[in-house]
Amino acid sequence: MTVLMVGGTGATGRLLVQQLLQRGERVRAIVRTPDGLSELLDTQPNLSLIYGSISELSDAELAAYVEGCGAVASCLGHRVSFRGMFGPPRRLVTDAVRRLCRAVRRHRPDRPVRFALMNTAGNRNRDLDEPLPFLHRLLERLLRGLLPPHADNVAAAEFLRTRIGRRDEYIEWVAVRPDALRDETAVSAYDVYPSPTRSALLDAGATSRINVAHFMARLLTEEALWNRWKGQMPVIYNRD
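Residue numbers (UniProt numbering): 1 to 240.
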């Protein structure tokens, strides 16, 4: 299978690229620079890089890159800097998800393309009863108003949940919600739940980036696991 990857040079994205390659999958990664993936190019013939910013690629170019892919993975995020948090593009993730879905539909694939989106445990799945403490709900509203990246992540997942839904002919999706991300060097035990088991804003858990990458790679390549979570927003925590 060929996977189209966006956000592949980020801290989590490059780990997902590695995980997919280790599983023998072919990866096309849309990148502005090869930083973080350049070493893999010398040793991994299944990796190809497409240079450019996804926000600047035309719809026709995106459609060409999606053609023949059985899956799309997004680990896009905003840079942790003042410009990255508050500067343009404000809807980086949402616009990318929307345009990639449109590119997939343009080809009318014979079987649904799998779309895995890295999201956040701070976002609520509105298909489920996910009760939140009053203070959490208040803080979430403030974050959506004050921090554009949080609002962008919420909108991206909402696009998949409401505009693609669970019965789309051409696209199936999963939005993976890690809690507070941290760096680890090896995959460790982790647990996956349909909904958060703690407040991401008041009692955050921990999720290592490599565990997120491992779970997303399994989702995209293991039929039973994909069928278990498709159309849902699983939350992943490192096991205590």
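Note that the Cβ used here is the ideal one computed from N, Cα and C, for glycine as well.
Collapsed DSSP secondary structure at residue i in the structure displayed
i	result
V154	helix
T9	coil
I50	strand
D191	strand
R182	strand
A29	strand
L4	strand
S208	strand
A175	strand
Q18	helix
Supposed contact pair residue j and residue i - C-beta distance, whole angstroms, cut 8 Å
i	j	result
R99	L49	The Cβ separation is near 19 Å, so there is no contact.
G10	G68	Their Cβ separation, rounded to whole angstroms, is 24 Å, which puts G10 and G68 out of contact at 8 Å.
I210	E184	5 Å
Contacting residues, own chain, Cβ-Cβ under 6 Å from residue i (five flanking each side not counted)
i	result
V66	L4, A103, V104
Y193	V235
G205	D179, R198, Y237
residue 310	What the structure shows of the chain is the stretch from 1 to 240, and residue 310 is not part of that stretch, so it cannot be assessed.
F82	Confidence is the limiting factor: at F82 the pLDDT is only 41, short of 50, which leaves the residue's position unreliable, though a coordinate-based value still follows. Hits under 6 Å: none found.
R106	A63
L138	none
G36	T9, R14
Contacts around residue i, its chain only, beta-carbon distance under 7 Å, and the 5 residues preceding and following it disregarded
i	result
V97	S74, L117, A156, F159, L160
Q232	V174, P194
Cβ neighbours of residue i in the same chain (closer than 8 Å, five flanking residues each side left out)
i	result
residue 263	This structure gives no information on residue 263, because the portion of the chain shown stretches from 1 to 240.
residue 242	Beyond the ends of the chain as shown, which are 1 and 240, falls residue 242; an answer cannot be given.
W226	R114, E172, V174, L219, L220
Original post:
Quick one: complete alpha helix (DSSP H) runs, 4+ long, within the segment 63-138?
Top reply: 82-86, 92-107
Original post:
Is there contact here, the segment 214-234 with the segment 175-193, by at least three beta-carbon pairs under 8 Å?
Top reply: yes
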